[in-house]
Amino acid sequence: MIGPSFVPAPVARLPWRMLILVIAIASFGLVILYSAAGGSVRPWALSQGIRFVVFLSGALLIARIPEDVWRQAALPGYVLIVALLFAVELLGAVRGGSQRWLDLGFIRLQPSEVMKPAIVLACARFYELLPPNETRRFGAIWPAALLIALPAGLVMLQPDLGTALMITSGGLTVMFLAGVPLRLFVGGALALAVAAPLAVNFLLHDYQRNRVLIFMDPESDPLGTGYHISQSKIAIGSGGMTGKGFLHGTQSHLDYLPEGHTDFVFATMAEEWGVLGGLFIIVAYLMVIRWGINVGLQAQSRFAKLAAAGLATTIFFYVAINLAMVMGLAPVVGIPLPLVSFGGSAQMTVFVCLGILMSIDRSNRVEKSW
Amino acid sequence: MNRPPRIATEAQQGYTFSRRAWLLGAAQIGVGTVLAGRMGWLAIAENERYNLLSESNRVNMTLIPPRRGWLVDRHGNPIADNRTDFRVDLIPDRVVDEERTLAALRQLLALTEEDLLRIRADLKHAAGFQPVKVAENVGWERFAAVQVRQPELPGVAPTRGFARNYPAGAAVAHLTGYVGSATAEQYKQTKNPLFVTPGFKLGKDGLEKTLEDELRGKPGAKRIEVTARGKLVAELATRVDVPGKTQRLTIDAGLQEYAARRLGTNSGSAVVLDCLTGEMLCMVSMPAYDPNSFSDGISQLEWKMLSADDHVPLMNKVTQGLYPPGSTVKPMNGLALLEAGVSPDERVFCGGALRVGSGVFHCHKRRGHGAIDLRGAIAQSCDIYFYEMIRRLGYDRVAPVARAVGLGEKYDLPLAAQRYGTVPDSAWKERKYKTKWTVADSLNSSIGQGYVLANPMQLAVMAMRIASGRMLQPSLLMDKVARNAPALPFSAENLRVVREGMWKVVNGGGTGGASRLHIPGVELAAKTGTAQVRRITMAERRSGVLSNAQLPFKLRDHALFVCFAPVENPRYAASIVLEHNGHTVRNLDTPLIGRDIMTYLFDKERALKSLAEVEPTWGGDIRTRMAAQEAAYRATTTAAAAAQAVATETDAPAPTRARAVEQATDASNAAQEATVSDIGNGVGPASVGTTEPSEPQ
Numbered sequence: 001m002i003g004p005s006f007v008p009a010p011v012a013r014l015p016w017r018m019l020i021l022v023i024a025i026a027s028f029g030l031v032i033l034y035s036a037a038g039g040s041v042r043p044w045a046l047s048q049g050i051r052f053v054v055f056l057s058g059a060l061l062i063a064r065i066p067e068d069v070w071r072q073a074a075l076p077g078y079v080l081i082v083a084l085l086f087a088v089e090l091l092g093a094v095r096g097g098s099q100r101w102l103d104l105g106f107i108r109l110q111p112s113e114v115m116k117p118a119i120v121l122a123c124a125r126f127y128e129l130l131p132p133n134e135t136r137r138f139g140a141i142w143p144a145a146l147l148i149a150l151p152a153g154l155v156m157l158q159p160d161l162g163t164a165l166m167i168t169s170g171g172l173t174v175m176f177l178a179g180v181p182l183r184l185f186v187g188g189a190l191a192l193a194v195a196a197p198l199a200v201n202f203l204l205h206d207y208q209r210n211r212v213l214i215f216m217d218p219e220s221d222p223l224g225t226g227y228h229i230s231q232s233k234i235a236i237g238s239g240g241m242t243g244k245g246f247l248h249g250t251q252s253h254l255d256y257l258p259e260g261h262t263d264f265v266f267a268t269m270a271e272e273w274g275v276l277g278g279l280f281i282i283v284a285y286l287m288v289i290r291w292g293i294n295v296g297l298q299a300q301s302r303f304a305k306l307a308a309a310g311l312a313t314t315i316f317f318y319v320a321i322n323l324a325m326v327m328g329l330a331p332v333v334g335i336p337l338p339l340v341s342f343g344g345s346a347q348m349t350v351f352v353c354l355g356i357l358m359s360i361d362r363s364n365r366v367e368k369s370w
Numbered sequence: 001m002n003r004p005p006r007i008a009t010e011a012q013q014g015y016t017f018s019r020r021a022w023l024l025g026a027a028q029i030g031v032g033t034v035l036a037g038r039m040g041w042l043a044i045a046e047n048e049r050y051n052l053l054s055e056s057n058r059v060n061m062t063l064i065p066p067r068r069g070w071l072v073d074r075h076g077n078p079i080a081d082n083r084t085d086f087r088v089d090l091i092p093d094r095v096v097d098e099e100r101t102l103a104a105l106r107q108l109l110a111l112t113e114e115d116l117l118r119i120r121a122d123l124k125h126a127a128g129f130q131p132v133k134v135a136e137n138v139g140w141e142r143f144a145a146v147q148v149r150q151p152e153l154p155g156v157a158p159t160r161g162f163a164r165n166y167p168a169g170a171a172v173a174h175l176t177g178y179v180g181s182a183t184a185e186q187y188k189q190t191k192n193p194l195f196v197t198p199g200f201k202l203g204k205d206g207l208e209k210t211l212e213d214e215l216r217g218k219p220g221a222k223r224i225e226v227t228a229r230g231k232l233v234a235e236l237a238t239r240v241d242v243p244g245k246t247q248r249l250t251i252d253a254g255l256q257e258y259a260a261r262r263l264g265t266n267s268g269s270a271v272v273l274d275c276l277t278g279e280m281l282c283m284v285s286m287p288a289y290d291p292n293s294f295s296d297g298i299s300q301l302e303w304k305m306l307s308a309d310d311h312v313p314l315m316n317k318v319t320q321g322l323y324p325p326g327s328t329v330k331p332m333n334g335l336a337l338l339e340a341g342v343s344p345d346e347r348v349f350c351g352g353a354l355r356v357g358s359g360v361f362h363c364h365k366r367r368g369h370g371a372i373d374l375r376g377a378i379a380q381s382c383d384i385y386f387y388e389m390i391r392r393l394g395y396d397r398v399a400p401v402a403r404a405v406g407l408g409e410k411y412d413l414p415l416a417a418q419r420y421g422t423v424p425d426s427a428w429k430e431r432k433y434k435t436k437w438t439v440a441d442s443l444n445s446s447i448g449q450g451y452v453l454a455n456p457m458q459l460a461v462m463a464m465r466i467a468s469g470r471m472l473q474p475s476l477l478m479d480k481v482a483r484n485a486p487a488l489p490f491s492a493e494n495l496r497v498v499r500e501g502m503w504k505v506v507n508g509g510g511t512g513g514a515s516r517l518h519i520p521g522v523e524l525a526a527k528t529g530t531a532q533v534r535r536i537t538m539a540e541r542r543s544g545v546l547s548n549a550q551l552p553f554k555l556r557d558h559a560l561f562v563c564f565a566p567v568e569n570p571r572y573a574a575s576i577v578l579e580h581n582g583h584t585v586r587n588l589d590t591p592l593i594g595r596d597i598m599t600y601l602f603d604k605e606r607a608l609k610s611l612a613e614v615e616p617t618w619g620g621d622i623r624t625r626m627a628a629q630e631a632a633y634r635a636t637t638t639a640a641a642a643a644q645a646v647a648t649e650t651d652a653p654a655p656t657r658a659r660a661v662e663q664a665t666d667a668s669n670a671a672q673e674a675t676v677s678d679i680g681n682g683v684g685p686a687s688v689g690t691t692e693p694s695e696p697q
């Protein structure tokens with residue numbers, strides 16, 4: 001994608017198609033937050049907009065870092081973040097019942113959030129280092145499994161089921177892409193399908209079981225835990241094809257929809273913009289993710305291939321889990337919709353992913369142009 | 001691929017990666033499609049359902065209880081209407097600090113300790129959404145005071161609505177019944193949100209209950225847009241209520257109240273029917289509860305007082321009270337004899353007693369009536385005449401006539417609880433007791449004792465049918481009056497003879513001379529009756545039967561009276577039944593009460609004057625006496641008992657279904673059994689004969 005000659009080459013070489021999609025999604029997000037605040041840029045849209053500009057700039061800076069730096073930093077970085085997770089466990093701040101934050105005085109760090117891209121890089125690096133003929137042996141599996149299980153376990157202790165799930169998914173995705181025998185995944189999926197109902201019936205506490213049952217039928221307990229899902233479905237369902245119109249959502253404006261600006265922002269959007277708005281977000285994200293996978297397919301090094309496809313899939317997991325949750329297809333696990341939900345962590349993670357993807361993309365082109 | 005190829009496995013690895021990356025991309029698109037499909041399902045296929053849910057979230061509909069249809073009398077005067085009511089409720093869910101709220105309300109509304117006990121009990125039982133009544137019929141100033149302080153007292157709901165009002169109070173209690181809040185069960189069964197709307201009341205007893213569907217109307221609705229926290233955003237359109245339909249009764253409100261007052265301190269009932277149409281002009285059962293206070297919800301103390309009263313104020317005696325009709329069945333017996341071919345002029349010698357088998361059966365007149373014919377036997381209420389004639393004929397020939405004039409019949413009336421008694425015959429006894437009908441049974445039945453049981457309504461119908469000669473059906477609703485009743489299957493001549501006998505009761509030196517009307521051109525025909533309710537032992541019989549005045553209330557005889565007027569062209573028929581009256585006080589006995597009630601129909605002024613003279617002798621009008629009774633009861637009940645006795649307005653049973661009523665019924669059944677058991681010994685009530693209210697004049 002080479003633009004007119006007056007555009008400087010580094011700018012022209014940026015992946016504009018992806019960037020425009022990302023800017024479109026984020027701008028739409030600002031419009032939704034403006035409505036969620038009852039037609040006001042405060043308290044959410046304005047700060048979210050500023051943050052977006054900052055993070056986007058940060059991503060463009062990250063894109064300048066050569067691919068090899070990521071390669072070299074992958075495992076040391078992983079070790080550092082695991083150490084931080086231990087630190088969180090020992091002296092982290094407890095907020096809303098779980099211990100996720102590390103307060104360093106000048107900055108609040110959430111190491112589990114950084115672990116999402118870090119696990120992808122670490123696994124990608126591991127499989128790059130692994131001799132190809134080892135790929136289908138047991139030695140290709142247990143170190144990766146350990147790499148994943150350690151942070152996932154630490155995050156589960158916080159407890160933060162959603163993030164643990166994402167870390168595990170990200171790692172497994174890289175294992176899958178690296179060529180670990182398919183039957184392990186099929187077998188694992190089957191084992192999970194069998195174990196889940198058994199776990200629900202025999203291992204879980206009553207309240208945990210109730211939560212699962214409520215997820216299956218939220219209307220059975222409309223004012224309890226199922227309230228979020230019920231209200232979210234009502235918001236989405238009542239939006240219809242084209243929605244109730246900008247600023248005319250009743251579920252969000254009359255506070256029936258909880259977390260209408262964070263985890264359930266998609267429902268706020270769907271109520272006012274209908275299926276059309278929803279399709280826009282889904283399609284735009286799929287295109288961004290497809291771009292990321294294509295970056296992986298075009299990458300030369302094994303690390304770059306695995307990292308790019310893995311990072312793209314991490315973004316995919318964000319979106320898919322969040323949408324499944326707000327539409328009542330998954331339990332409420334507290335995964336925000338990146339770029340749209342108010343809040344910095346997820347947005348930052350996604351821009352880190354995009355930054356690394358752009359960096360890989362850049363080295364692809366550089367290699368190609370040789 | 002411009003690099004030199006690596007080892008084969010590495011190329012394979014790259015191939016595997018590409019394949020799996022494509023697979024991953026395809027899976028992601030698949031998941032995206034599923035999510036888009038799910039969204040389409042929610043927002044398009046299920047759109048209508050979720051729209052509705054969203055609307056019901058957004059719009060908070062407060063129902064406005066419909067104004068209840070009036071009950072009016074035949075002239076359009078209200079028997080039950082609605083008055084403006086300021087009320088204060090508590091919504092349990094929204095109450096923050098119960099103690100503080102109750103303390104404030106207590107001070108604002110001047111609540112008594114008893115009120116607070118009831119409110120606390122109701123709060124404990126109430127489902128969170130169901131409002132609990134704090135006070136009804138609140139004065140405007142107190143109401144305004146509560147409204148001013150409402151913001152600081154969450155859960156307190158002052159509302160302006162309508163409350164049921166019964167101008168005649170207790171006089172109409174058993175006719176109208178009363179209204180009250182729906183019970184938790186009723187709400188659970190119907191899930192009708194109206195049932196938990198503050199101020200909504202439904203019929204609990206009497207006509208209010210049976211005519212509920214017509215009287216209820218359709219609720220209005222106030223629609224407001226609210227936030228999830230219940231904060232009002234905007235008021236939307238309000239739908240007005242559709243009031244229930246006014247129901248016009250055949251009752252004459254004036255007569256109803258007059259009869260209720262005229263019954264005085266009696267535990268009794270009076271029914272007046274129109275002989276042309278069967279319309280019920282009054283249906284009184286006294287004493288009674290005040291439906292106004294019942295509709296407001298009563299305390300356990302009041303309930304206890306009503307339950308403990310031996311005059312059974314909770315029972316609608318007109319339809320629930322069953323009594324041996326005593327001598328009031330003699331005209332009907334006479335009719336049966338005539339229909340069987342007995343000549344009205346045939347005489348029977350009454351020597352005061354009749355020996356049948358091993359038993360001796362007495363007449364109420366120990367010296368005997370001498371030779372007496374049918375008309376005379378009715379007029380003098382001679383027992384021996386009927387013993388002898390029915391002994392010859394057999395009671396099986398009498399029973400069909402009894403049924404034809406309305407005994408044992410259940411009428412099509414909008415009254416929930418009707419008990420319809422017994423007209424015995426040999427087949428019935430065979431069925432019920434597996435024993436043969438005896439002569440003693442016939443003799444006891446011939447004086448309306450033994451197995452014969454009837455309610456006061458049936459006695460009035462009997463009088464009406466004999467008076468009119470038509471199979472009239474009693475009716476209570478103006479639009480349900482049955483016209484064109486067929487004639488009774490009896491000869492007009494025979495009916496005339498019986499009516500002459502009844503005329504002689506009052507005007508021919510009979511037992512009811514006291515009830516003669518002092519109205520020119522209007523003569524009353526009647527029949528008096530007494531029903532024995534206790535077993536008289538052989539020992540007592542030997543030493544002399546105790547007089548009623550010597551007996552406790554529950555053992556005294558019932559006094560009964562049926563009548564119609566004017567004799568030539570009967571217009572009104574009535575029955576008066578006084579439980580355990582015992583004919584002890586002349587002014588409170590059947591003949592004079594009957595006379596005054598019938599007088600009211602022809603000369604209101606005279607009737608009212610007569611009442612004004614006698615009413616002070618028994619302690620004044622109904623309200624005065626009820627207030628005095630309650631004060632006396634309160635005085636005897638300690639405060640501690642009152643504290644225990646907390647009732648809620650919803651869990652009290654309907655009066656006609658109250659335990660006290662059941663117990664009274666059981667007691668009267670036991671009395672019946674006691675007298676009947678003597679029949680087995682060949683004696684029974686007939687062996688002492690009937691007792692009559694007054695000596696022939």
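The listed protein sequences derive, respectively, from chains A and B. One point on numbering: in the UniProt record's numbering, the residue at position 188 of the first sequence is 188, and numbering is uninterrupted. One point on numbering: in the UniProt record's numbering, the residue at position 88 of the second sequence is 88, and numbering is uninterrupted. The C-beta atom is built at its ideal place from N, Cα and C for all residues, glycine as well.
Taking 8 Å as the threshold (C-beta atoms), are residue j and residue i in contact?
i, j, result
"F86 of chain B", "F143 of chain B", "yes"
"D89 of chain B", "K133 of chain B", "yes"
"V401 of chain B", "A336 of chain B", "yes"
"A170 of chain B", "P287 of chain B", "yes"
"V233 of chain B", "L254 of chain A", "yes"
"Y289 of chain B", "L306 of chain B", "yes"
"G139 of chain B", "S295 of chain B", "no"
"A379 of chain B", "G501 of chain B", "yes"
"L323 of chain A", "L35 of chain B", "yes"
Among the residues of its own chain, which have a CB less than 8 Å from the CB of residue i, if the five just before and after it don't count?
i, result
"Y395 of chain B", "P424, D425, S426, W437, D441, S442, S445, S446"
"M471 of chain B", "A404, R465, A485, P486, A487, L488"
Identify, in the order they occur along the chain, each residue of the same chain with its Cβ nearer than 6 Å to the Cβ of residue i, setting aside the five sequence neighbours on each side.
i, result
"Q644 of chain B", "Bear in mind that the predicted position of Q644 of chain B carries a pLDDT of just 49, short of 50, making it too unreliable to give a figure here."
"M457 of chain B", "V271, V318, T319"
"I593 of chain B", "R262, I576"
"Q13 of chain B", "none"
From which residue to which residue does the beta strand (DSSP E) around residue i run?
i, result
"C350 of chain B", "348 to 350"
"K527 of chain B", "525 to 531"
"I20 of chain A", "It is not in any beta strand (DSSP E) - I20 of chain A instead sits in the alpha helix (DSSP H) that spans 16 to 36."
"residue 706 of chain B", "Outside the shown range of chain B (1 to 697) lies residue 706 of chain B, about which nothing can therefore be said."
Excluding the 5 residues flanking residue i on each side, which residues of the same chain have their C-beta closer than 7 Å to its C-beta?
i, result
"E540 of chain B", "L546"
"F195 of chain B", "A182, Q186, Y187"
Which residues share a DSSP beta bridge with residue i?
i, result
"K222 of chain B", "B:T62, B:T238"
"V132 of chain B", "B:L90"
"D85 of chain B", "B:G161"
Which word fits residue i, buried or exposed, when buried means at least 16 other C-beta atoms lie within 10 angstroms of its C-beta?
i, result
"S327 of chain B", "buried"
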